[in-house]
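Numbered by the working numbering, the letters in the sequence shown go through residues 77 to 270 in order.
Where is the CB? At the ideal position from N, CA and C, for every residue including glycine.
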Amino acid sequence: MIGFVAASISAFIGILIGATSGYFGGKVDDILMRFTEMFLVIPRFFLILLIVALFGGSVWNVMIVIGITSWPGTARLVRAEFLSLKEREFVEAARLVGAKDFKIIFRHILPNALSPVIVSSSLRVAGAILSEAGLSFLGLGDLTHITWGQMLNRSQLFMRIAWWMAVFPGLMIFLTVLSLNLIGDGLNDALNPR
77 MIGFVAASIS AFIGILIGAT SGYFGGKVDD ILMRFTEMFL VIPRFFLILL
127 IVALFGGSVW NVMIVIGITS WPGTARLVRA EFLSLKEREF VEAARLVGAK
177 DFKIIFRHIL PNALSPVIVS SSLRVAGAIL SEAGLSFLGL GDLTHITWGQ
227 MLNRSQLFMR IAWWMAVFPG LMIFLTVLSL NLIGDGLNDA LNPR
């Protein structure tokens, strides 16, 4: 759940900023891309650690923080798609018919720009799972919910006598992230027939 909600938040913010930046261009693009680059410069996991340490490690805080800090890649991807698509004939035809910018963005360009975002979001789910496991391993996750990161943290004391306590949660993290990456590759092959 944490991975999907965080990836959804990331996709929403990234699509909003990337679509606005790519469609309007000019000063709007410059301002939004400098803001995006500012987020890219800050180490994401340390920013997540700082915010979770300040506001607490509840499940909702962790999901929101991971989602809010992982949107820049999606924004840049959507911006690149919009820069490419806004010059196409179907967008020019919509403008000539008198369609408003809002309709052009959400009805004509965004549906054509979503396939790379879907692939990227599946990979962001895997990244969010790893981030949450890292936070829980460090003791900053929600202590009321059992997570794989907490299981790994608690298994450190028993590594010599109960090795399986560390192996199985680590193996589940590995298999989950691997399967999400393979799903992302499959979606990429299906949605981008190049």
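Quick check on residue i: does DSSP put it in helix, strand or coil?
| i | result |
| --- | --- |
| P119 | coil |
| G143 | helix |
| K179 | helix |
| S134 | coil |
| T220 | coil |
| W240 | helix |
| N257 | helix |
| R164 | coil |
| N229 | helix |
| G98 | helix |
Report the rounded CA-to-CA distance for residue i versus residue j, giving the unit in angstroms.
| i | j | result |
| --- | --- | --- |
| A151 | L172 | 28 Å |
| I222 | L247 | 16 Å |
| W239 | S231 | 8 Å |
| G79 | E208 | 8 Å |
| M109 | S146 | 15 Å |
| F122 | L216 | 12 Å |
| A87 | A242 | 33 Å |
| N257 | D106 | 32 Å |
Excluding the five sequence neighbours on either side, which residues of its own chain have a C-beta within less than 7 Å of the C-beta of residue i, listed in chain order?
| i | result |
| --- | --- |
| G203 | S146 |
| I24 | Outside the modelled stretch of the chain, which goes from 77 to 270, sits residue 24, for which no answer is possible. |
Apart from the five residues on each side of it in sequence, which residues of its chain come closer than 8 Å, Cβ to Cβ, to residue i?
| i | result |
| --- | --- |
| N268 | S191, P192, V195 |
Our contact map puts residue i next to residue j with C-beta atoms below 8 Å; I'd like the distance itself, whole angstroms only.
| i | j | result |
| --- | --- | --- |
| L199 | G133 | That pair is no contact at about 24 Å. |
Report all residues from its chain with a CB closer than 6 Å to the CB of residue i; omit the five preceding and five following residues, and keep chain order.
| i | result |
| --- | --- |
| R155 | G94, S97, G98 |
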